[in-house]
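Residue numbers (UniProt numbering): 1 to 353.
Ideal Cβ placement from N, Cα and C applies to all residues, glycine included.
Here the structure comes first, spelled out in structure tokens, and everything after it is commentary.
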């Protein structure tokens, strides 16, 4: 049976785009929609049939015995760069704790996440963690968890069964504060997709409200995962901006490369800061300032809580993990366009200064 991955490869788009086409998302370009549908038709891909197969697996899972000491984690909204770091840390720590760990990244695709969940339930995994899940309650209710314990991890207290969560909104607020401290007032946000995007936008607005500063809503770019596309949209259609916050390091790298093609220098003309802080941030040009996600502590605490905490108890005090500001070379103090740069003045003029 063909999968969503097969369709994405043939259509040369991401799995998230395929999912948006079949969910009827209006923001998908017509030519992209046609390409995806043609690929699905050629491969005989039918999401309804595949969904039925998942439901069949879910209903048969009750006959599976529990495998003690097993932990499955499904991450929904983490880039491939951060997931690699998270995967290595989690596997090493789980091995030291004598826990058998299975770790998956559904790449912001609810259908893929549901498929991984079905596989873990069917295998009798003792504890299953959904990290920042994209699944609806109705999706989860299709499964029988007689032999598995399901735990949700979320920054939103009402959605979390672990007393910890990463504060995505707070990270974006901190990024705003840092840029405003460097005298930037016209700030753009490329928030990406998924529920994290909503949190980033909340934090962006809060960062401006705290300083009683207005913001241009046109400079908030959501539902775009490609930094080059977002840069083109910012430069072609929207208002002036002197700084950009991106959801991921990959977006930032694509953004900076495209802005240079438009004639901008980073950070002389435009400053850039990321809300991810993966290893990629050290190798961009210029090196990327970022709010670094605490992936190591997140992985370790998640495993400890799942193996030691009674997750049946209600959460009374959610521990919010916060990002660490790592300053590199992609942010500079705002300088109006008509301001003379003392480092680039003619020799005679610089002597007079």
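Bridge partner(s) assigned by DSSP for residue 105
As a working note, residue 105 is residue 105 in the chain shown. Beta-bridge pairing links residue 105 to 75.
Does the beta-carbon distance from residue 205 to residue 334 come in below 8 Å?
Here residue 205 corresponds to residue number 205 of the chain shown, with the count starting at 1. Here residue 334 corresponds to residue number 334 of the chain shown, with the count starting at 1. Not in contact: residue 205 and residue 334 (Cβ atoms no closer than 8 Å).
Tell whether a beta-carbon distance below 8 Å holds between residue 276 and residue 240.
In the chain shown, the residue the question calls residue 276 occupies position 276. In the chain shown, the residue the question calls residue 240 occupies position 240. Using a Cβ distance threshold of 8 Å, residue 276 and residue 240 do not count as a contacting pair.
Distance check for residue 84 and residue 103, CA to CA, integer angstroms please.
The count along the chain shown starts at 1 and reaches residue 103 at position 103. The count along the chain shown starts at 1 and reaches residue 84 at position 84. Distance between residue 103 and residue 84, taken at the CA atoms: about 11 Å.
What three-state label does DSSP hand residue 320 in the structure shown?
Within the chain shown, residue 320 is the residue found at index 320, counting from 1. Of the three classes helix, strand and coil, the one that applies to residue 320 here is strand, per DSSP.
Can the beta-carbon of residue 325 be found closer than 8 Å to that of residue 87?
Here residue 325 refers to the residue found at position 325 of the chain shown. Here residue 87 refers to the residue found at position 87 of the chain shown. Residue 87 is positioned such that its CB atom lies no closer than 8 Å to that of residue 325.
Kindly indicate which three-state DSSP category residue 252 falls into: helix, strand or coil?
Numbered from its first residue, the chain shown carries residue 252 at position 252. In the structure shown, residue 252 adopts helical secondary structure according to DSSP, grouped into three states.
Under 8 Å between C-beta atoms of residue 294 and residue 328:
Residue mapping note: residue 294 aligns to position 294 of the chain shown, counting from 1. Residue mapping note: residue 328 aligns to position 328 of the chain shown, counting from 1. Against a cut-off of 8 Å, the Cβ pair of residue 328 and residue 294 comes out as no contact.
Looking at C-beta atoms only, is the number of pairs between the region 189-207 and the region 224-235 that lie closer than 8 Å three or more?
In short, these stretches touch, since the Cβ pair count reaches three.
Quick check: the Cα distance between residue 268 and residue 215, rounded to an integer number of angstroms?
Locating residue 268 in the chain shown gives position 268, counting from the first residue. Locating residue 215 in the chain shown gives position 215, counting from the first residue. Cα-Cα distance, rounded: 22 Å.
Count the other C-beta atoms from every protein chain shown that fall within 10 angstroms of the C-beta of residue 96, then say buried if there are 16 or more, exposed otherwise.
Numbered from 1 along the chain shown, position 96 holds the residue referred to as residue 96. Counting of Cβ neighbours within 10 angstroms places residue 96 among the exposed residues, the total staying below 16.
C-alpha gap between residue 207 and residue 232, whole angstroms:
Reading the chain shown from its first residue, position 207 is the one you call residue 207. Reading the chain shown from its first residue, position 232 is the one you call residue 232. Residue 207 and residue 232 have their alpha carbons spaced roughly 25 Å apart.
Cβ-based burial, residue 138 [other Cβ within 10 Å; buried from 16]:
Your numbering for residue 138 matches position 138 in the chain shown. With fewer than 16 other Cβ atoms inside 10 Å of its own Cβ, residue 138 counts as exposed.
Taking the alpha carbon of residue 40 as the reference point, which residue from 145, 4, 69, 181 has its own alpha carbon closest?
Along the chain shown, one-based indexing puts residue 40 at 40. With distances taken between Cα atoms, residue 40 lies closest to 4.
Check for me: the alpha helix (DSSP H) holding residue 203 runs from which residue to which?
The count along the chain shown starts at 1 and reaches residue 203 at position 203. Run containing residue 203: 195-210, per the alpha helix (DSSP H) assignment.
Quick check: the Cα distance between residue 43 and residue 89, rounded to an integer number of angstroms?
Along the chain shown, read from residue 1 onward, the residue named residue 43 stands at position 43. Along the chain shown, read from residue 1 onward, the residue named residue 89 stands at position 89. C-alpha of residue 43 to C-alpha of residue 89: approximately 37 Å in a straight line.
Could you check where the alpha helix (DSSP H) with residue 31 kicks off and where it finishes?
Your numbering for residue 31 matches position 31 in the chain shown. Segment 30-43, the alpha helix (DSSP H) holding residue 31.
Residue 346, DSSP secondary structure in three states:
Translated into the one-based positions of the chain shown, residue 346 becomes position 346. In this predicted model, residue 346 has a pLDDT of only 49, less than 50, meaning its place in the structure is not dependable enough to derive any value.
Residue 38 classed as buried or exposed, judged by whether at least 16 other C-beta atoms fall within 10 angstroms:
Translated into positions along the chain shown, residue 38 becomes position 38. Residue 38 should be labelled exposed.
When DSSP builds the beta bridges, which residues end up paired with residue 287?
Within the chain shown, the letter at position 287 stands for residue 287. In the DSSP assignment, residue 287 forms no beta bridge with any residue.
Give the single residue among 202, 265, 151 whose Cα lies nearest to the Cα of residue 305.
Taking the first residue of the chain shown as position 1, residue 305 is located at position 305. The shortest Cα separation from residue 305 among 202, 265, 151 belongs to 151.
Range of the contiguous beta strand (DSSP E) that encloses residue 151
By one-based count along the chain shown, residue 151 stands at place 151. Per DSSP, residue 151 belongs to the beta strand (DSSP E) from 149-153.
Looking at C-alpha atoms only, which residue of 124, 22, 108, 256 is the closest neighbour of residue 71?
As a position in the chain shown, residue 71 is number 71, starting the count at 1. Comparing Cα positions, the closest option is 124.
Over the uninterrupted beta strand (DSSP E) stretch that includes residue 189, give me the two end residues.
Counting from one through the chain shown, the residue named residue 189 turns up at place 189. Start and end: 187-192.
Start and end residues, alpha helix (DSSP H) containing residue 146
For the purposes of this step, residue 146 is taken as residue 146 along the chain shown, with counting starting at 1. Counting along the chain, no alpha helix (DSSP H) covers residue 146, and no H or E run does either.
Mapping the DSSP letters down to three states, classify residue 328 as helix, strand or coil.
Locating residue 328 in the chain shown gives position 328, where the first residue counts as 1. Taken through DSSP and simplified to helix, strand or coil, residue 328 comes out as coil.
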